[in-house]
Ligand SMILES: Nc1ncnc2c1ncn2[C@@H]1O[C@H](COP(=O)(O)OP(=O)(O)OP(=O)(O)O)[C@@H](O)[C@H]1O
Ligand SMILES: Nc1ncnc2c1ncn2[C@@H]1O[C@H](COP(=O)(O)OP(=O)(O)OP(=O)(O)O)[C@@H](O)[C@H]1O
Ligand SMILES: [Mg+2]
Ligand SMILES: [Mg+2]
């Protein structure tokens, strides 16, 4: 605990000594329920606990369906939400991001499918799926654009409401490959009923992901950012990312609303 | 003879544009049995329903025991009452329907005790005792726990009479109480009504049972096309009807 | 006289453990009008319903036109028919109910043409013409487009008769066709039935209208407790009933 | 009875007054005004965003999906529901148990599971083959995934599920029709099935229509469950947008506005149908 | 009529045979066996996983949530539904329009939206204050977020929504009771509301129970929508597990088994209640 950091917190949070964070604990390895179905595990829980310790508050994490998440933040029911939410200019109009890592995606296919490779050309004309409303769809659109440019047929894209529905479509042979979070690779491979292979692609961009607060909660955002920087400084951040095998996604110089302050390049199809 | 319980003057009732009652004049004395006869559609039921204000009248005056059922009188102003205020006034008027209308989900006994308990707030025990004595009076002591669907028509109608009597009414209205019954069963209901008349109950009976009307009725009124065409004692009306319409009607009914 | 259209021998019908018909013997000749009388619950309706196999009998034999309605005869074996095979055989038997049972969602005309079209496959045009003539015959030409709820009881019953006649039946069954009617309206239905009898229709009529039974009935059968107690010509039965139960019943009904 | 008395003295009738009503009207009006005002000025509702999306292509496409899915699922539900209801009250014990099993199974499992099951039939049975044993063992065969498109899965899942609920409604309706009607039909020589179709069912409609209105309006919202099989209805289209832009509340408002519109329309249709089927049923005075 | 003929010759009655039935039974049995076998041996169903989770604490906790949410929501729905239905057919135009508005609004919007709305009322109105103007302006006040817990939001959302659907069902039931019953009650001096409570509603129950059974069984599944306000019912608990383990199909099977069990129970209860309310209503022979 750092009393200087503690002083940065808004009065109500500091007095209560508890910070409520909303999440949807259905996305390993970001967060999911442990076998007891009470404890949340994942790199984000580790991170929010570490930051909470620095700020001198207990973290109270609540799992809710995504549809309730943003209204919950906007109504003040939850001061903060954290769910591997990727930062974008559009979203920054609604909430303020405290970015804490990179996020990226990967291509998953059945190992029995030997025609697919890292080369975009091998994907043209196939059926694919991704979770609705995610940035994965932008990648799929980019792949289609490149295929069309080279005179090949584009992708047929299906959208599902959850990551597991996307994977089920892959296992049942309904689609040839899917696009999902790269961070989840280990879990997916471990639990898949059929062998899975993972591919990368030069059209897959890097994004910032972070926690979100209501735009008028400047003070909370600044305090959280300070807490994040503190755990980076003392090496806790490194340990967490290493533990979850995510060293590649470490964000060295976190900021508030980084997607507009320091935009990342988008690969050109 | 100077104590009219029901007094109707120039009662008018319309449904939409149709004038169903076109100025009914009708008086019944305390303790008297008045029979209403007339062809189908002449307005007999409608008039009966006006008496206890199941229908609102559109003209004329209609009092029961000197009281306007649907209004509160203040000087020469009649303030219309609301449905719930009228409900309380209906207690003193019993009504028996052609189709019995017993409460289908309640046994005979439950049918009889229902209104005394929920309307008058009688104690259950008291109401039960009274109900049992009424059901005995109409000859149904052995059927108190039967549901209406398990009773014959005649038995149902007798329960309906007991149900109306349970409210200790001053006036009983009967709307063709036997016309839905098999001929065999008619007798048992008329017997009960005869009995009531003997005990001095004021009754208005719409009926096609000319024998009953002749025997029990103190006066008979013949209605046609929304007016009382003719009235008088049974002897006079049945033997020397004055109006041609009365004559035509009687010849048709008495022949059948 | 040697041509029985309906022949019942020792017909037995049970509901659960209760024997409702306890060996009914009954024969009706072609072109004859037979009336069934008897107290309530004696099994008159049940027997009528057995004739067109709305109820299955549990013993005895019952034929219409020499044909077992519910069975196919092969040698001395009776093969039970399935419901749909029986349906076809019911065509030749018309039935009129006490409560009319007109199809509530269809106009008078539609009620009459329904069965000829869907059962017999008559052309709509033909069926309409026939229906109109039948409705004219029962005096309802002006009400062909009315729904049952818009008709008086007597009118409804006349439509019901026209509906049964539309199937050109060989036999008509009437189950107390006038007992749900106001006395004024009884006449119009009985007139239609008289007319039918005059035209030679074979009819079985359960009725409480003793006047009609006496006038039109060729034979009268008195039923009590599930058996035909006594039968004979109207003159004989009404003036000199042999059985004490017949006597008791007649005295009660004729008095009312 | 007395001789007719002189005409009644002229009373003046004062109509019943309902002072309470006016108070209630006033209170409701005030509350409505306050709520309306706060809804309009409350920045959380982001009315400009609502205005921007209300006629957006993706929303309209979603609405279309909602509408045709509802229409087809209800059609299938009603038709199958009537069949199952009639089977359920059949005298034939096999037919009636088959119907009961159908009811039990499809009412008893969540429609989500049914959808996932149909859609992913291929995970369980990747290929199908219909044939005549020994002669032509593989007359028809192919991949189950080709056979079951998202559309067929959606229609099967929603339709069969709805059929189970409708069957219960239709059964209750049939039981409410007076027994004399069936009797009269049988006495005229109609087969059971004809009597059912021509006489009983049309009269049962009076009892069937109101709960069916409920089911239809419910189905309008239930269709959003097809998102699990990659179809996008009205609500899900809104969700897709706000999961990207985080404008949850205004986009839910957009969906609500459309739902309310369609519901109003359906309610009007319902009362028309109700009116139509009450033909011949004049209620006795109350 | 002829003299009674000699007793009938002894015919032998051969009961109707239904050869079709046996064929159908055989076919159904074969199909059932094939399906059952393929369900049992198909590795995709992962029966060991099903066995592992069927009595898992989290599943049982979810089941409990489902059950009490269904119970409370249906209770609120039925009670409010009856009130709204009675208001809807009131002679008083204000009361009846208020009821109509309620129906329109709550049937017309998705329950998801209603839940989010209630739960996040604070986004719109962060604080509440109830008081007497001028005298004690802030008799009761506080944060709306403290007032509306997930539980109150779930009960309000599901209950009010259900009330709208129930109101329509109750209205249809009331309309089906013979008008003579109300008339008789009025003639005995009962107030409208008494007649409704003691005479009309008990008889309307016959028509109300079957669709209410539908609603209850539907509600059992609808409760899973409370996941948006951080409550976890049976289905959502299963989803929580498989979102981690990706054992989608066996966990859905676990949920289905419980749903089927509860549905069977409810169906039994329903037919008992139906039986009870048919008291005094002997159907005339068919
Ligand atoms: N609720 C109503 N709306 C419109 N017209 C009505 C209504 N009730 C009755 N009428 C009409 O009023 C007239 C009188 O009906 P009423 O029932 O009083 O006659 P009635 O003398 O009792 O006949 P019946 O002997 O057939 O019972 C009839 O023409 C009838 O059609
Ligand atoms: N479906 C049934 N189940 C059980 N008992 C029945 C059934 N139908 C009729 N009964 C009984 O069978 C007996 C004969 O009834 P039925 O209706 O044939 O008499 P009825 O002579 O026509 O009498 P009514 O003149 O009252 O019509 C009665 O005791 C009746 O209670
Ligand atoms: Mg009348
Ligand atoms: Mg009978």
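Protein chains in written order, with the working numbering: chain F, 3 to 271; chain A, 72 to 327; chain Z, 72 to 327; chain G, 466 to 751; chain E, 466 to 751.
Ideal Cβ positions, reconstructed from N, Cα and C, are used throughout, including at glycine.
- Residue range 142-145 is occupied by the beta strand (DSSP E) that includes residue 145(A), with no alpha helix (DSSP H) assigned at that position.
- At a cut-off of 8 Å between C-beta atoms, residue 129(Z) does not count as an interface residue with respect to chain A.
- Counting the other CB atoms within 10 Å of its CB gives residue 104(F) a total of 16 or more, which places it among the buried residues.
- Residue 66(F) sits in coil when the DSSP states are folded into three classes, being neither helix nor strand.
- Against chain A, the beta carbon of residue 255(Z) has neighbours under 7 Å at 110, 111, 323, 324, listed in chain order.
- If you draw a 10 Å sphere on the C-beta of residue 730(E), you find fewer than 16 other C-beta atoms in it, and that means exposed.
- At the C-beta level, residue 83(Z) and residue 128(Z) come within 8 Å of one another.
- For residue 184(F), the CB contacts under 7 Å within the same chain, skipping 5 residues up- and downstream, are 106, 107, 108 in chain order.
- The Cβ-Cβ distance between residue 94(Z) and residue 131(Z) falls below 8 Å.
- Under the three-state reduction of DSSP output, residue 539(E) falls in the helix class.
- The beta-carbon of residue 213(Z) is placed no less than 8 Å from the nearest beta-carbon of chain E.
- For a cut-off of 8 Å, the C-beta gap from residue 226(F) to residue 243(F) is around 18 Å, too long to register as a contact.
- For residue 581(E), the residues of chain F that pass the 8 Å Cβ criterion are 69, 70, 73, in the order they occur in the chain.
- In this structure, the C-beta of residue 289(Z) stays at least 7 Å away from each heavy atom of ligand 2.
- Between residue 678(G) and residue 633(E), the beta carbon gap of about 7 Å places them in contact (Cβ cut-off 8 Å).
- Residue 6(F) carries a helical assignment under DSSP once its states are collapsed to helix, strand and coil.
- Residues of the same chain with a CB within less than 6 Å of the CB of residue 560(E), apart from the 5 flanking positions on each side, are 552 in chain order.
- Against chain E, the CB of residue 48(F) has no partner CB under 8 Å away; the residue lies outside that interface.
- Remark: fewer than three beta-carbon pairs, one from each stretch, lie closer than 8 Å, so the segment 146-155 of chain A and the segment 202-210 of chain A are not flagged as touching.
- Residues of chain Z with a Cβ closer than 8 Å to the Cβ of residue 250(A) are, in chain order, 253, 254.
- For a cut-off of 8 Å, the C-beta gap from residue 239(Z) to residue 183(Z) is around 12 Å, too long to register as a contact.
- Shown in chain order are the members of the segment 476-502 of chain E whose Cβ falls below 7 Å from a Cβ of chain Z: 476, 477, 478, 479, 480, 481.
- Taking a Cβ-Cβ threshold of 8 Å, the residues of chain A close to residue 663(E) are 185, 189, in chain order.
- Taking a cut-off of 7 Å from the heavy atoms of ligand 4, the residues with a C-beta inside it are 115(Z), 116(Z), 169(Z), 246(Z), 247(Z), 277(Z).
- For residue 675(E), not one C-beta of chain A is nearer than 8 Å to its own C-beta.
- Closest in C-alpha terms to residue 718(E), from the list 483(E), 537(E), 484(E), 515(E), comes 515(E).
- Of the residues 480(E), 706(E), 636(E), 555(E), the one whose Cα lies closest to the Cα of residue 674(E) is 636(E).
- Within the model, the alpha-carbon separation for residue 135(Z) versus residue 479(E) is close to 20 Å.
- Within the segment 533-582 of chain G, there are no complete beta strand (DSSP E) runs of at least 3 residues.
- Here the segment 112-119 of chain A makes contact with the segment 292-299 of chain A; the two share three or more CB pairs at distances below 8 Å.
- Taking a beta-carbon distance threshold of 8 Å, residue 695(G) counts as an interface residue toward chain F.
- Residue 286(A) counts as exposed, since fewer than 16 other beta carbons sit within 10 angstroms of its beta carbon.
- For the pair residue 542(E) and residue 624(E), the CB atoms are nearer than the 8 Å cut-off.
- Residues of chain A whose Cβ lies closer than 7 Å to the Cβ of residue 652(E) are, in chain order, 123, 125, 161, 166.
- From the listed residues 78(A), 290(A), 231(A), 89(A), the smallest Cα separation to residue 123(A) is found for 78(A).
- Residues of the same chain with a CB within less than 7 Å of the CB of residue 228(F), apart from the 5 flanking positions on each side, are 7, 10 in chain order.
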